[in-house]
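Residues in the sequence shown are numbered from 628 upward in steps of one, following the numbering used here. Notes follow once the structure below has been shown.
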Amino acid sequence: MQALIRLFREYQFTILLLSLLLNILLIPAISSLSSEQFPSIGRVALSASITLLMFVAIFATSTSRLKKSIALLLMLPALVLMWARIGIPHDNWQYILQQLLLATFLSLVTISLIKYVFTCKKVTFDLINAALCAYLIIGFLWVSLYCVVESIYPGSFLLPDDGLGAFIGQDQHGNLFSRQLYFSFVTLLTLGYGDVVPVHSVARLLAITEAFIGQVFLVVLVARLVGVHVAQSLEN
């Protein structure tokens with residue numbers, strides 16, 4: 628057990644990065660299970676995937692007992708609400724509270740990662756992985772925020788995929804999180820395909836903010852890594 632813990636600590640950001648990438652790949656596939664035939668299977672699989680990600684995140688970024696306690700206080704209620712939704716999938720306010728707790732938890736994880744990246748004195752593989760984790764978690768953070776907006780203001784995002792203007796809010800079987808995951812990372816990467824369109828003012832504000840943060844993060848990160856590398860070279 629001690630060897631396993633040491634191994635995790637040594638590769639904590641690599642494991643977190645793999646967990647994030649796995650969720651990005653699996654969540655769209657999992658959402659397809661949340662159909663009329665397999666609604667419960669899809670919700671269980673999605674909850675399990677996010678639960679694993681949250682546990683990996685808390686152990687990878689909580690460097691002190693206080694940080695771990697605060698993260699657990701946010702994580703545990705979010706997990707209880709998320710798993711409870713398997714039996715009560717259409718409780719809107721329960722879902723909103725769950726996503727708000729998840730967003731707060733992800734905010735703390737992001738802050739912890741950014742602090743590590745900008746206080747590290749050497750450019751290492753671990754540092755690069757931590758930076759990538761922070762960038763991807765920003766995307767997941769905005770997924771939760773978009774889900775909250777769509778739940779409070781149904782029709783905040785327009786899906787012109789059927790030629791008639793279907794709304795994300797009409798999806799009753801777990802595809803909301805998957806579709807917002809797609810929209811969040813398209814926005815973060817400033818790809819702007821235009822197939823999902825924010826039509827509510829709050830949704831538009833969040834989209835603009837995410838795109839801005841995504842670009843600024845990359846610029847500042849590159850500058851930081853170059854600066855640390857130059858300083859490291861001068862020392863050697």
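Backbone N, C-alpha and C fix where the C-beta goes; we use that ideal spot for every residue, glycine too. Keep in mind that this is a model prediction, so the values were computed, not measured.
Counting C-beta neighbours from all protein chains within 10 Å, is the total for residue i 16 or more, i.e. buried, or is it exposed?
i: residue 862; result: exposed
i: residue 669; result: buried
i: residue 820; result: exposed
i: residue 688; result: buried
i: residue 847; result: exposed
i: residue 777; result: buried
i: residue 746; result: exposed
i: residue 850; result: exposed
i: residue 756; result: buried
Can you check which of these residues, the options, is closest to residue i by C-alpha distance?
i: residue 843; options: 750, 741, 827, 821; result: 741
i: residue 858; options: 645, 811, 749, 813; result: 749
i: residue 803; options: 757, 655, 697, 696; result: 655
i: residue 836; options: 769, 850, 730; result: 769
i: residue 683; options: 707, 650, 708, 786; result: 650
i: residue 730; options: 719, 706, 713, 753; result: 706
i: residue 653; options: 815, 838, 831, 808; result: 808
i: residue 698; options: 672, 719, 739; result: 739
i: residue 814; options: 829, 828, 833; result: 833
i: residue 674; options: 702, 735, 841; result: 702
i: residue 722; options: 680, 636, 773; result: 773
Which residues mark the beginning and the end of the alpha helix (DSSP H) in which residue i is found?
i: residue 785; result: Premise fails: residue 785 lies in the beta strand (DSSP E), 784 to 786, not in any alpha helix (DSSP H).
i: residue 747; result: From DSSP, residue 747 is part of no alpha helix (DSSP H); its letter is neither H nor E.
i: residue 641; result: 639 to 658
i: residue 809; result: 802 to 815
i: residue 833; result: 828 to 862
With a threshold of 9 Å between beta-carbons, can residue i be considered close to chain D, or not?
i: residue 710; result: The structure shown contains no chain D; it holds only a single protein chain.
My assumption, with CB atoms under 8 Å, is that residue i sits in contact with residue j. Please give the rounded CB distance.
i: residue 737; j: residue 758; result: Going by Cβ atoms, the distance from residue 737 to residue 758 rounds to 11 Å, so no, they are not a contact pair.
i: residue 805; j: residue 676; result: Not confirmed; about 11 Å, so no contact.
i: residue 712; j: residue 725; result: 7 Å
i: residue 767; j: residue 784; result: Contact flag wrong, Cβ pair sits at about 17 Å.
Worksheet item: Where in the segment 685 to 745 do unbroken runs of the alpha helix (DSSP H), each at least 4 residues long, occur, reported from the N-terminal end onward?
Response: Complete alpha helix (DSSP H) runs here, min 4: 692 to 711.
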